[in-house]
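For the sequence shown, my numbering gives the first residue as 70, with consecutive numbering after it. Heads up, the thing below is written out as structure tokens.
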Amino acid sequence: MKKLKYYLSNGLLAALPAPLFRWYAKTLLAKRSQYDETYLTERVDYYCKLNSHFSLSEEALTRVSDFKKTGGSAYYYDLLKVIKCFPASAAFKYVNGDVIDVPSEPSFLKSRPIDGDNANSVLLKLNAVRHYFFVDNDIRYEDKKDMIVWRGTGFRPNRRTLLVKHFDNPRCNIGRVDTKDEDPQQLNYVTPSMTIAEQLQYKFILSLEGMDVATNLKWIMSSNSLCFTPKLRYETWFMEGKLEAGVHFVEVKDDFSDLDEKMDYYLANPEEAQAIIHNAQAWVAQFKDRQREQLISLMVAEKYFQQSEQIH
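Structure follows, in structure tokens:
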């Protein structure tokens with residue numbers, strides 16, 4: 070139902086004339102003084118690290134007036150809602166999908182590597198319908214099972230390692246939900262899928278990156294469960310690169326050899342677990358102000374077009 074509503078509303082939105090988008094953007098950008106401008110600037114500069122003028126080559130260059138759907142619908146609608154607010158002649162570059170590399174020229178995209186020079190990766194809130202679901206009602210942490218849970222596909226090496234090591238661990242309810250694999254042993258780890266509500270019955274929920282970021286990281290951090298994850302390598306609009314281990318989540322080793330140890334520690338220290346959960350929820354809260362999020366998106370694109378000297 071959520072996705073149906075999203076696609077219907079955005080399909081109608083896309084049909085609106087560009088002058089209406091530009092009027093809306095002008096009105097919203099004029100409200101920036103109503104917010105903490107230091108906070109706004111910090112967010113904008115994090116997403117768009119382009120602090121000097123740049124020019125774009127003609128290869129794969131798109132003008133606002135010519136922007137068409139070239140990938141998934143969610144990526145198209147989410148990008149359209151931002152760039153259609155700027156002059157029809159303004160040009161930009163973008164990359165669809167799960168992005169794990171930094172483009173050679175400044176481009177709008179959903180995800181980027183956390184480490185290294187990622188300035189050419191300009192983050193916008195893309196594919197939001199898939200990645201931005203938050204838990205509103207949850208049972209208390211102390212009422213949850215003293216176990217860890219994970220469900221997902223088993224195609225990535227990190228997931229296969231997890232399954233081999235901990236599928237038979239009585240403290241772990243883990244399993245893969247896809248049913249095709251060249252390795253017959255991996256099919257022994259296939260289990261029924263679980264709803265989010267069912268996973269929220271557990272104190273600890275494991276989050277694993279896939280092609281880029283983990284889809285479940287955001288809803289886990291909005292819940293009363295404790296998020297376990299290996300070192301984060303990719304980030305999106307959620308600013309995963311600013312999250313701190315031991316503050317917003319529990320970091321486990323890439324080979325999951327310390328999973329039991331970390332569970333033991335936080336079961337023995339529930340006040341520390343609750344503090345991390347509180348910090349995670351506070352982090353999530355900043356993304357719930359819809360108008361401010363829209364304003365920041367416009368400011369990111371505005372900076373991109375200003376630094377490419379297309380608007381002033």
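Cβ coordinates follow ideal geometry from the N, Cα and C atoms, glycine included. Quantities reported herein were computed from a predicted structural model and do not represent experimental measurements.
Unbroken alpha helix (DSSP H) run spanning Arg220, endpoints
If you look at Arg220, you'll find it isn't in any alpha helix (DSSP H); it sits in the beta strand (DSSP E) that goes 214-221.
For Ile152, the three-state DSSP class (helix, strand or coil):
DSSP places Ile152 in the helix class (H, G or I) of the three-state scheme.
Would you call Lys214 buried or exposed, if buried means 16 or more other Cβ atoms sit within 10 Å of its Cβ?
So Lys214 counts as exposed.
So what does DSSP say about Asn348, is it helix, strand or coil?
Three-state DSSP puts Asn348 in a helix.
Leaving out five residues on either side along the sequence, give the residues of the same chain with a beta carbon under 6 Å from the beta carbon of Leu130.
If the five residues before and after Leu130 are omitted, its C-beta is found closer than 6 Å to the C-beta atoms of Ala160, all from its own chain and listed in chain order.
Quick one: residues in its chain with C-beta nearer than 6 Å to the C-beta of Arg382, no 5 flanking neighbours on either side, listed in chain order?
Absent from the model: residue 382. The displayed extent of the chain is 70 to 381, so no value can be given.
Can you tell me which of Asn196, Pro226, Arg245, Phe202 puts its alpha carbon nearest to the alpha carbon of Trp219?
It is Arg245.
Quick check: what's the CA-CA separation for Ala370 versus Asn189?
So the two alpha carbons sit approximately 13 Å from each other.
Looking at the C-beta of Leu195, does it have a partner C-beta in chain E at a distance below 8 Å?
No chain E is present in this structure, which holds just one protein chain.
Taking 8 Å as the cut-off, decide whether the C-beta atoms of Val151 and Leu193 are in contact.
In contact: Val151 and Leu193 (Cβ atoms closer than 8 Å).
Ile169 and Pro156 - do their beta-carbons sit closer together than 8 Å?
No, the Cβ-Cβ distance between Pro156 and Ile169 is not below 8 Å.
CB of Phe356 within 8 Å of CB of Phe318, strictly:
No, Cβ-Cβ distance for Phe356 and Phe318 is not below 8 Å.
Distance check for Pro253 and Tyr116, CA to CA, integer angstroms please.
The straight-line gap from Cα to Cα measures roughly 43 Å.
Any chance the CB of Lys300 is under 7 Å from a heavy atom of the ligand ZN?
As for the ligand ZN, it is missing from this structure, which has no ligand bound.
Who pairs with Val191 in a beta bridge, going by DSSP?
Beta-bridge pairing by DSSP links Val191 to Phe177.
Under three-state DSSP, which class holds Thr131?
Note: Thr131 maps to strand in three-state DSSP.
Straight-line Cα distance separating Asp327 from Trp103:
Correcting the residue type first, residue 103 is Gln in the shown sequence and not Trp. In this structure, the alpha-carbon of Gln103 lies about 47 Å from that of Asp327.
Within the continuous beta strand (DSSP E) that includes Leu295, where are the two ends?
Note, Leu295: beta strand (DSSP E), 295-298.
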